[in-house]
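These protein sequences, in sequence, are chains A and B.
Here our numbering is used: the first residue of the first sequence is 1, the next is one more, and so on.
Here our numbering is used: the first residue of the second sequence is 214, the next is one more, and so on.
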Amino acid sequence: MIADLRRCVGCQTCTAACKHTNATPPEVQWRRVLDMEVGQYPDVKRVFVPVGCMHCAEPPCMHVCPSTATRKRADGIVTIDYDLCIGCSYCAVACPYQARYKTDVAEFAYGKAMPSEAIRHDEKRLGVATKCTFCSDRVDAGLEKGLKPGVDHEATPACVNSCIAQALHFGDIEDPQSNVSQLLAENRHFRMHEELGTEPGFYYLWDKKEVAA
Amino acid sequence: MSFGPRPWQQTNWDWRAAGNFMLGGTGAGLMIGLALAQNQSAYPVILAALLVAGGLGTVWLEIGRKLRAIHVFFNPQTSWMTRESFAAMLFFIFSSIEIFFHSTAALGAAALAALAFVYCQARILRGAKGIPAWRAPQVVALIVTTSLAEGTGLLMLMNLEVLAVSLFIAAVIARAIAWSGYRAALKQPASRAALESAGKALIQIGTIAPLALVLGAYFVPQAALLAGIAAILTGWWFKYVLVTRAAFNQGFSLEHLPAR
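So, in structure tokens, the structure goes:
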């Protein structure tokens with residue numbers, strides 16, 4: 001996944017779309033957007049930074065997990081098996097991106113479950129670790145229909161589909177012709193906390209690459 | 214460059230997780246001390262096993278799906294938590310053999326399992342990449358020596374012999390050196406501040422005072438009891454603070470600001 005920091009306006013539509021799609025309880029935001037203020041008056045900049053699970057190539061959460069509930073799929077998406085997870089939270093302290101949540105008791109926006117919340121409430125998610133899945137169900141369903149993740153909406157994560165500024169992009173980084181590979185080739189980018197060796201699968205674009213004369 | 218929200222204290226692990234490091238560490242240290250002192254009395258071995266079991270019991274209270282605790286054994290390939298569980302299992306098996314058959318070999322094996330157990334505990338912290346104060350390599354020596362200081366302190370409380378006292382002296386000095394190395398490596402200001410008073414207590418009340426009291430025990434034997442208690446309590450307090458108050462994450466950071 002790619003977040004273009006020049007484009008993100010901090011509208012939190014991706015956060016709302018994620019909550020709507022994944023029915024996460026209050027206080028749990030698998031996709032969130034940080035509102036950072038940098039510098040000192042009068043030289044101050046405001047930056048909006050989408051964060052969440054970085055789906056690392058070397059996920060520390062997976063290595064520490066004692067139950068093998070956390071796994072990495074062949075396509076790089078890091079998943080959690082709610083039937084295996086014991087809720088020890090070791091993955092949560094191992095994640096340098098604060099992407100994991102554990103909810104021990106059912107919580108609803110207004111205390112009591114609204115009809116929509118009651119329908120989508122999943123007991124399996126209580127007492128276990130949860131996090132962004134890159135909408136893997138949606139991606140898989142789209143692939144089965146022959147659609148292309150990142151290009152066809154039905155095969156693309158909800159946060160990317162909902163982004164009003166086209167700041168978020170999703171695709172296959174191993175395909176040099178994919179939308180994300182093209183964006184990385186054309187722009188200067190970085191990954192967060194790279195020094196930890198986690199090899200995040202989430203890239204931030206921050207400037208255009210200079211074209212050689 | 215770091216522009217993100219300031220680091221904040223993790224809230225995933227609380228006193229229940231800390232309890233495992235405190236009780237389990239002391240129990241493992243006691244078993245190692247018993248083996249080194251060739252002490253085959255049943256009661257200290259039972260106490261060591263109870264402490265380790267108590268520690269595992271407190272951490273069991275923390276997990277979200279208690280009835281699935283057996284799943285903790287599923288990932289010995291990479292998880293130090295799984296390896297800790299296997300070490301604990303071996304520890305209980307060999308401790309039981311020692312208790313019922315008074316076997317010197319079983320005592321030695323139990324001590325090795327205890328060493329593996331406390332090493333795994335240290336590596337659990339070291340493996341938590343999200344917490345700079347835990348992932349420092351120096352945390353391994355600190356956790357292992359803290360366990361030894363607490364365990365030999367407890368051994369000295371039960372059995373005031375020259376060998377036990379010698380082990381205790383060596384362990385508290387090793388712990389002080391390990392703390393010094395760890396402190397030098399700890400860069401995060403919030404964690405340093407949180408550990409400052411517990412670290413001072415570790416040196417002043419947990420090292421200097423016990424060494425003085427052990428010397429005093431030459432004249433008043435009961436002074437050694439105070440020394441052992443001081444070493445145990447300061448070790449426990451230190452680990453409690455390390456897990457619940459000094460465990461700040463590193464926040465978020467941006468290598469570059471967006472060009473506009």
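The beta-carbon is built from N, C-alpha and C at its ideal position, and this holds for glycine as well.
Rounding to the nearest angstrom, what Cα-Cα distance links residue i and residue j in this structure?
i               : j               : result
E37 of chain A  : L426 of chain B : 54 Å
L280 of chain B : I310 of chain B : 28 Å
M214 of chain B : G240 of chain B : A caution first: M214 of chain B carries a pLDDT of 48, below 50, which makes its placement in the model unreliable, though a value can still be read off. Distance between the alpha carbons of M214 of chain B and G240 of chain B is about 43 Å.
L41 of chain A  : G419 of chain B : Residue identity differs from the one stated: residue 41 of chain A is Tyr in this sequence, not Leu. Approximately 48 Å, taken between the alpha carbons.
E210 of chain A : E186 of chain A : 9 Å
Q463 of chain B : A326 of chain B : 34 Å
R229 of chain B : W206 of chain A : 43 Å
D152 of chain A : K342 of chain B : 36 Å
L467 of chain B : E275 of chain B : 34 Å
A57 of chain A  : E199 of chain A : 5 Å
V265 of chain B : T317 of chain B : 20 Å
A362 of chain B : L399 of chain B : 22 Å
C333 of chain B : L143 of chain A : 42 Å
G242 of chain B : H193 of chain A : 36 Å
F461 of chain B : D140 of chain A : 37 Å
S410 of chain B : K112 of chain A : 44 Å
T358 of chain B : L446 of chain B : 14 Å
S360 of chain B : G201 of chain A : 39 Å
E297 of chain B : K45 of chain A  : 47 Å
K102 of chain A : G87 of chain A  : 7 Å
P60 of chain A  : Q251 of chain B : 41 Å
G340 of chain B : V352 of chain B : 10 Å
M235 of chain B : T365 of chain B : 14 Å
D175 of chain A : I245 of chain B : 55 Å
G232 of chain B : H189 of chain A : 43 Å
V331 of chain B : L380 of chain B : 17 Å
I119 of chain A : V180 of chain A : 36 Å
M369 of chain B : V375 of chain B : 9 Å
R221 of chain A : M62 of chain A  : Limits of chain A in this structure are 1 at one end and 213 at the other, which puts residue 221 of chain A out of reach.
I442 of chain B : F314 of chain B : 31 Å
A437 of chain B : L355 of chain B : 23 Å
D81 of chain A  : S254 of chain B : 46 Å
S308 of chain B : A407 of chain B : 37 Å
Looking only at DSSP bridge pairs, what is residue i linked to?
i               : result
T79 of chain A  : A:R71
P420 of chain B : The displayed chain sequence assigns Thr, not Pro, to residue 420 of chain B. Note: T420 of chain B sits in no beta bridge, so no partner.
G39 of chain A  : A:V44
Q126 of chain A : Checking the displayed sequence, the identity of residue 126 of chain A turns out to be Leu instead of Gln. Answer by DSSP bridge pairing, in chain order: A:T103.
I2 of chain A   : A:H169 and A:Y203
R214 of chain A : Within the shown structure, residues of chain A are numbered from 1 to 213, placing residue 214 of chain A beyond reach of any answer.
Y110 of chain A : A:K112
H189 of chain A : A:L205
F451 of chain B : Paired residue(s): none; F451 of chain B is not in a bridge.
F461 of chain B : B:Q222
Among the options, which one has its Cα closest to the Cα of residue i?
i               : options                           : result
A231 of chain A : A:A74, A:E117, A:P115 and A:A129  : Because chain A in this structure spans residues 1 to 213, residue 231 of chain A falls outside the shown range and cannot be described.
R278 of chain B : A:C8, A:L126 and A:H20            : A:L126
R100 of chain A : A:A106, A:M54 and A:K148          : A:M54
R31 of chain A  : A:R46, A:C159 and A:V139          : A:C159
F170 of chain A : A:D104, A:V28, A:G150 and A:T70   : A:G150
Y97 of chain A  : A:L5, A:L34, A:Q177 and A:T24     : A:L34
R219 of chain B : B:A354, B:F465 and B:A407         : B:F465
I416 of chain B : B:A406, B:A391, B:Q435 and B:V378 : B:A391
A389 of chain B : B:G364, B:I442 and B:G448         : B:G448
F305 of chain B : B:A383, B:L269 and B:G232         : B:L269
R396 of chain B : B:G364, B:P434 and B:L455         : B:L455
L84 of chain A  : A:K124, A:V47, A:R7 and A:E107    : A:K124
Q401 of chain B : B:A459, B:H284 and B:L373         : B:A459
C65 of chain A  : B:W273, B:M294 and B:Q222         : B:M294
A384 of chain B : B:L249, B:A255, B:I283 and B:L303 : B:L249
Q182 of chain A : A:Y203, A:L196, A:C163 and A:E195 : A:Y203
Positions along the stretch 88-114 of chain A whose CB lies within less than 7 Å of some CB in chain B
C88, S89, Y90, A92, V93, A94, C95, P96, Q98, K102 and D104
Below 8 Å, can you find three or more Cβ-Cβ pairs linking the stretch 116-135 of chain A to the stretch 66-77 of chain A?
yes
Segment contact flag, the stretch 345-360 of chain B with the stretch 257-273 of chain B, C-beta cutoff 8 Å, min 3 pairs:
Taking 8 Å as the limit for Cβ pairs, the verdict is that the stretch 257-273 of chain B does not touch the stretch 345-360 of chain B.
Could you please tell me which residues of the stretch 284-312 of chain B, in chain order, have their CB closer than 8 Å to any CB of chain A?
H284, V285, F286, F287, N288, T291, S292, W293, M294, T295 and S298
Short of 7 Å Cβ to Cβ, which residues in the stretch 445-467 of chain B face chain A?
Hits within the stretch, in order: N462, Q463, F465, S466 and L467.
For the stretch 121-137 of chain A, enumerate the residues whose C-beta is nearer than 9 Å to any C-beta of chain B, in chain order.
Per Cβ criterion, the list reads L126, G127, V128 and A129.
What residues from the stretch 324-355 of chain B come within 8 Å of chain A, judged by C-beta to C-beta, listed N to C?
I337, G340, A341, K342, G343, I344 and W347
If you pair each beta-carbon of the stretch 5-23 of chain A with each one of the stretch 162-177 of chain A, do three or more pairs fall below 8 Å?
yes
Return the residues of the stretch 19-48 of chain A that lie within a Cβ-Cβ distance of less than 7 Å from chain B, sorted by chain order.
L34, M36, V38, K45 and V47
What residues in the stretch 61-82 of chain A bring their beta carbon closer than 7 Å to a beta carbon of chain B?
H63, V64, C65, P66, S67 and T68
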